[in-house]
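Under our numbering, residue 410 is the last one in the sequence shown; the count climbs by one each step, no gaps. Even glycine gets a Cβ: it sits at the ideal position worked out from N, Cα and C. Note that the structure is predicted; figures quoted are calculated from it, not measured. Reading through the structure tokens given below for one structure.
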Amino acid sequence: MNNGGEHLMKGLKLLKALFTMVIFTLIFTACTAQLDGLQKVRIAEVTHSIFYTPIYVAIEKGFFEEEGLKINLTTVPGGDKTMTTLISDGADIALVGSETSIYVNAQGTDDPIINFAQLTQTDGTFLVSREPIENFTWDMLEGSTFLGQRKGGMPQMVSEYVLKKHGIDPHEDLELIQNVDFANIAPSFSSGTGEFVQLFEPTASIFEQEGKGYIVASFGEESGHIPYTTFMAKESYINENEEIIEKFVNALYKAQQWVYDTPSEEVAETIAPFFEDTDLEIITSSVERYKAQKSFAEDPILDEEEWNNLQDIMEEAGELPERIDYETYVNTEFAEKVLK
Numbered sequence: 071m072n073n074g075g076e077h078l079m080k081g082l083k084l085l086k087a088l089f090t091m092v093i094f095t096l097i098f099t100a101c102t103a104q105l106d107g108l109q110k111v112r113i114a115e116v117t118h119s120i121f122y123t124p125i126y127v128a129i130e131k132g133f134f135e136e137e138g139l140k141i142n143l144t145t146v147p148g149g150d151k152t153m154t155t156l157i158s159d160g161a162d163i164a165l166v167g168s169e170t171s172i173y174v175n176a177q178g179t180d181d182p183i184i185n186f187a188q189l190t191q192t193d194g195t196f197l198v199s200r201e202p203i204e205n206f207t208w209d210m211l212e213g214s215t216f217l218g219q220r221k222g223g224m225p226q227m228v229s230e231y232v233l234k235k236h237g238i239d240p241h242e243d244l245e246l247i248q249n250v251d252f253a254n255i256a257p258s259f260s261s262g263t264g265e266f267v268q269l270f271e272p273t274a275s276i277f278e279q280e281g282k283g284y285i286v287a288s289f290g291e292e293s294g295h296i297p298y299t300t301f302m303a304k305e306s307y308i309n310e311n312e313e314i315i316e317k318f319v320n321a322l323y324k325a326q327q328w329v330y331d332t333p334s335e336e337v338a339e340t341i342a343p344f345f346e347d348t349d350l351e352i353i354t355s356s357v358e359r360y361k362a363q364k365s366f367a368e369d370p371i372l373d374e375e376e377w378n379n380l381q382d383i384m385e386e387a388g389e390l391p392e393r394i395d396y397e398t399y400v401n402t403e404f405a406e407k408v409l410k
């Protein structure tokens, strides 16, 4: 046999060996999945944040596994991208602001997006000043440069709502910057842009620790309860997987209770593996701040008052396509069952 034939035979033998390995791996994986008996649930979260503490607690404490679920959590930055992932079946459940379900459903769909469990119930941002202010009042923003969040997103709509509540026109009484990408807001402020900035934790606390900024007010405390971040899925998925949704909500409720019943230091230690680059002291202070203002929902129910408050804020910002009845895109059946 010539050299070409020998090379061909070796190649075929190698391919056969590789094929056998692949088949064995697939069989082994399938058997393992069957043996652990867990149902896989894919979640797309809009960002990775201490603001979402209860979901990480539910994963780390094994509450999902107790319910027979295996969670595959992926961060998909941006509400539009998160919803695209959900609609295109890249995820089973999305963790994102309820306003995105209104935006998507308003465009028309045969398979509407339904909110079925609430994770956070207030805005999670804080007003950070470049200079320390002892006795802050909201009128101090008049004439200032304010580095805000993306137009049409809940943080920006909430900030405009709060400013107007205090008699400030965000588009006339100050210089409002809202064309900076979410990931670049903190670096932009750090490099000198703006006198005030709207930030989530732990960035706000890190800025205080480093002397780059000072927390002077909470948008969450000012705006009241809203379905800020909720779990949602396509109506078809919910209808076809009611048992999974019920188990999911069970695990979530366990985590919500545990977070409020447990010292913030222990909560911080539990979620620390999800934030390896963040100092434990900062995680603890962030958790405590969110717990103190009840930002984490205490149960999975998204109630009608919260839904209407959300629409009021969107309407005030000129971003509400149309008023939507509570029952249309909210399903509390599973959350109510858990509480009973």
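Does the beta carbon of residue i fall short of 6 Å from some heavy atom of the ligand MG?
i    : result
E392 : Among the components modelled here there is no ligand, and therefore nothing to report on the ligand MG.
Would residue i pass as a contact of residue j if the rule is Cβ separation under 7 Å?
i    : j    : result
S293 : V198 : no
L139 : I113 : no
P343 : Y284 : no
V319 : A161 : no
E135 : K317 : no
V250 : S260 : no
T145 : H118 : yes
Output the boundary residues of the alpha helix (DSSP H) element that contains residue i.
i    : result
I186 : This sequence places Phe at residue 186; Ile is not what is there. Looking at the DSSP string, F186 is not in any alpha helix (DSSP H); the run it does join, the beta strand (DSSP E), is 183 to 190.
I276 : 273 to 280
S293 : 289 to 293
T398 : 396 to 399
L390 : Premise fails: L390 is in no alpha helix (DSSP H) and is neither H nor E.
Q268 : Here Q268 belongs to no alpha helix (DSSP H); instead the beta strand (DSSP E) covers 266 to 270.
A367 : Counting along the chain, A367 falls outside any alpha helix (DSSP H), and DSSP gives it neither H nor E.
Measuring straight from C-alpha to C-alpha, what distance separates residue i and residue j?
i    : j    : result
V408 : Y122 : 20 Å
A256 : E278 : 12 Å
T402 : Y396 : 10 Å
V232 : L108 : 44 Å
A405 : M210 : 42 Å
F206 : T332 : 32 Å
N262 : R200 : Correcting the residue type first, residue 262 is Gly in the shown sequence and not Asn. Roughly 9 Å separates the two Cα atoms.
E204 : F196 : 16 Å
Y323 : E242 : 43 Å
L380 : S171 : 12 Å
T95  : V111 : In this prediction, T95 scores a pLDDT of 43, lower than 50, which makes its location untrustworthy; no coordinate-derived value is stated.
I141 : E310 : 18 Å
I163 : D382 : 26 Å
I120 : R393 : 31 Å
A253 : P124 : 23 Å
A128 : A321 : 6 Å
A100 : P370 : At A100, the pLDDT of 43 sits below 50, so the modelled position is not reliable and the matter cannot be decided from this model.
M224 : G194 : 10 Å
G237 : G132 : 47 Å
Y360 : E212 : 27 Å
F266 : Q327 : 35 Å
K410 : A303 : 23 Å
K235 : L189 : 26 Å
E280 : G264 : 17 Å
E312 : P391 : 30 Å
I315 : L350 : 33 Å
Q177 : D239 : 30 Å
K282 : I352 : 15 Å
P147 : R220 : 13 Å
F345 : Y173 : 31 Å
M91  : A387 : Only weak support is given to the placement of M91: the predicted model assigns it a pLDDT of 47, under 50, and the value that follows is read from those uncertain coordinates. Roughly 58 Å between the two C-alpha positions.
Judging by CA-CA distance, which residue of the options is the nearest neighbour of residue i?
i    : options                : result
Q191 : W377, D162, P391, I172 : W377
N175 : L350, F270, E305, T348 : E305
E385 : E115, G222, T117       : G222
N185 : W328, G264, L372, H236 : L372
V286 : E313, W208, F259       : W208
V329 : F266, E312, Y126, V267 : Y126
G290 : F345, E230, G132       : E230
Y399 : I308, F345, I314       : I308
E130 : R220, Y360, A325       : A325
E389 : V146, Q226, T152, K282 : Q226
G149 : E115, Q177, G132       : E115
S288 : E313, L350, L269, K282 : L269
E374 : F345, I352, S334, H295 : H295
Give the range of the beta strand (DSSP E) segment to which residue i is assigned.
i    : result
R112 : 109 to 115
I247 : 245 to 247
M302 : 299 to 304
I164 : Before going on, a small fix: residue 164 reads as Ala here, not Ile. Here the beta strand (DSSP E) through A164 covers 163 to 166.
T215 : 215 to 217
Q226 : No beta strand (DSSP E) holds Q226; the alpha helix (DSSP H) holding it covers 224 to 235.
N142 : 139 to 145
F196 : 195 to 199
Checking contacts by CB at 7 Å: is residue i closer than that to chain C?
i    : result
E403 : Among the protein chains of the structure shown there is no chain C, as only one such chain exists.
TODO: Determine contact between the stretch 177 to 184 and the stretch 357 to 376, defined as no fewer than three beta-carbon pairs at a distance below 8 Å.
DONE: no
- [ ] Please determine if the stretch 212 to 222 and the stretch 241 to 249 are in contact, where contact requires at least 3 C-beta pairs separated by less than 8 Å.
- [x] yes
Open item on the list: If contact is defined by three or more beta carbon pairs under 8 Å, each pair taking one atom from either stretch, is the stretch 161 to 173 in contact with the stretch 295 to 313?
Closed with: yes
Open item on the list: Three Cβ pairs or more, each shorter than 8 Å: is that satisfied between the stretch 332 to 339 and the stretch 143 to 157?
Closed with: no
Task: Segment contact flag, the stretch 270 to 279 with the stretch 342 to 360, C-beta cutoff 8 Å, min 3 pairs - done: yes
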